[in-house]
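Undergrad: In this note's numbering, the protein residues as written are 1 to 286. Glycine included, each C-beta is placed from N, C-alpha and C at the ideal position.
1) Of the residues 28, 21, 96, which one's Cα is nearest the Cα of residue 11?
2) By alpha-carbon positions, which one of 82, 72, 228, 106 ends up nearest to residue 26?
3) Relative to the C-alpha of residue 34, which candidate in 21, 3, 19 has its C-alpha closest?
4) Excluding sequence positions up to five away, which residues of its chain have a Cβ less than 8 Å from the Cβ of residue 159?
5) What is the DSSP secondary structure of residue 116, reduced to helix, strand or coil?
6) Would you be able to state if there are at least three C-beta pairs under 8 Å between the segment 175-190 and the segment 148-159?
7) Please tell me whether residue 234 and residue 265 are closer than 8 Å, where the distance is taken between their beta carbons.
8) Exposed or buried, what is residue 51 when buried is set at 16 or more other beta-carbons lying within 10 Å of its beta-carbon?
9) On the CB-based measure, 16 or more other CB atoms within 10 Å of its CB, does residue 223 come out buried or exposed?
10) Assuming contact is defined by CB atoms lying nearer than 8 Å, are residue 162 and residue 88 in contact in what I supplied?
11) With distances taken from CA atoms, which of 68, 101, 77 is nearest residue 49?
12) Excluding sequence positions up to five away, which residues of its chain have a Cβ less than 7 Å from the Cβ of residue 243?
13) Tell me whether residue 199 is buried or exposed, calling it buried when 16 or more other Cβ atoms sit within 10 Å of its Cβ.
14) Would you grab the beta carbon distance between residue 204 and residue 275 for me? Rounded to a whole angstrom, and I think it's under 8 Å.
15) For residue 90, which residues from the same chain have a beta carbon less than 7 Å from its beta carbon, with the 5 sequence-adjacent residues on both sides left out?
16) Taking Cβ to Cβ, would you say residue 206 is nearer than 8 Å to residue 194?
17) In angstroms, rounded to a whole number, what distance separates the CA positions of residue 253 and residue 192?
18) Express the C-alpha separation of residue 249 and residue 210 in angstroms, rounding to a whole number.
19) For residue 101, count neighbouring Cβ atoms within 10 angstroms of its own Cβ and tell me buried if that reaches 16, exposed if not.
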């Protein structure tokens, strides 16, 4: 199998055309001296990352990614793939490389960033979270800078999001439909239009989106034994918010009937808390 070079990324990586499909191929010395139009022979010791077409075509950012960041991204991706048993795309590699490239500048300049949903991510995506911790430790050693805990959350989201691009979620349109259906249920039950500009709405959608991605990806969370303290808090919270409780029940029923998605009690609990915030601060009366 011969590969036609589309663009040289560095001496160890190329963007190539493989029978009409663009891929990033990574291998020691494979990009050395190569230019557009050259033919490269496929070898057993090279790794393929298929490019997935996107509206914002991530290939436009290739020229802005430096060699070191690309190599680090590939090392992080290989480590993550071995634990997740999934293959990432070339888009993911380039996106991750862009994030890594900005890290050194960001932290040397002491840029402060918020920490997104750290506890929720640690619980919802334990494997991705552990990989993210490894990635942050690895990058801290490479850059010799101290990075905040928030970066673990950001890398966790990178890995979960990579499941969509890799095709693990085979119907991205279904994901969009599920989110829209959920919002319609909430608006119908409350008789109010949700304010989509609020932080509460954004957090709810992000939480729901990544839960649905995980469900559609058939990446199952390990069963968690609920202790008695959690059960008491769970029951009490749901009794305190009867309207939100009924909405969650209807959301669960529709997602199960239409998409075979099931919620566990921990998911109910987190979604309920987000829903309480939305109804209290994120709606506009009709």
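TA: Considering the structure as presented:
1) As a working note, residue 11 is residue 11 in the chain shown. Measuring from the Cα of residue 11, the nearest candidate turns out to be 28.
2) For the purposes of this step, residue 26 is taken as residue 26 along the chain shown, with counting starting at 1. Residue 26 has its Cα closest to that of 72, out of 82, 72, 228, 106.
3) On the chain shown, position 34 is the one that residue 34 refers to. Of the listed residues, the one whose Cα sits closest to residue 34 is 3.
4) Taking the first residue of the chain shown as position 1, residue 159 is located at position 159. Cβ neighbours of residue 159 beyond the five flanking positions: 80, 84, 125, 128, 131, 132.
5) Position 116 of the chain shown, counted from the start, is the residue given in the question as residue 116. Interpretation of residue 116 is limited by its pLDDT of 48, a score under 50 that renders its predicted location unreliable; no figure is taken from the coordinates.
6) no
7) In the chain shown, residue 234 corresponds to position 234, counting from 1. In the chain shown, residue 265 corresponds to position 265, counting from 1. Yes, these two residues count as a Cβ contact at 8 Å.
8) Here residue 51 refers to the residue found at position 51 when the chain shown is read from its first residue. Answer is buried; the Cβ neighbour count reaches 16.
9) The residue given as residue 223 occupies position 223 in the chain shown. With a pLDDT of only 48 at residue 223, under 50, the local geometry of the prediction cannot be trusted, and the value read off the model is given with reservation. That one is exposed.
10) Here residue 162 corresponds to residue number 162 of the chain shown, with the count starting at 1. Here residue 88 corresponds to residue number 88 of the chain shown, with the count starting at 1. In this structure, residue 88 lies closer than 8 Å to residue 162 by Cβ.
11) Indexing the chain shown from 1 puts residue 49 at position 49. If we check each option's Cα against that of residue 49, 77 comes out closest.
12) Along the chain shown, one-based indexing puts residue 243 at 243. Counting only Cβ-Cβ distances below 7 Å, and skipping sequence neighbours, we find nothing.
13) Position 199 of the chain shown holds residue 199. When all chains shown are included, residue 199 counts as exposed.
14) By 1-based counting over the chain shown, the position of residue 204 is 204. By 1-based counting over the chain shown, the position of residue 275 is 275. Between residue 275 and residue 204 the Cβ distance is about 7 Å, and since that is below 8 Å, they are a contact.
15) Position 90 of the chain shown, counted from the start, is the residue given in the question as residue 90. Cβ within range, chain order: 23, 24, 49, 50, 51.
16) In the chain shown, counting from the first residue as 1, residue 206 sits at position 206. In the chain shown, counting from the first residue as 1, residue 194 sits at position 194. The answer is no: Cβ separation not under 8 Å.
17) Taking the first residue of the chain shown as 1, we reach residue 253 at position 253. Taking the first residue of the chain shown as 1, we reach residue 192 at position 192. Computed Cα separation, rounded: 21 Å.
18) Within the chain shown, the letter at position 210 stands for residue 210. Within the chain shown, the letter at position 249 stands for residue 249. Answer to the nearest angstrom: the Cα atoms are 19 Å apart.
19) Your numbering for residue 101 matches position 101 in the chain shown. Classification of residue 101: buried, given that the 10 Å Cβ count is 16 or more.
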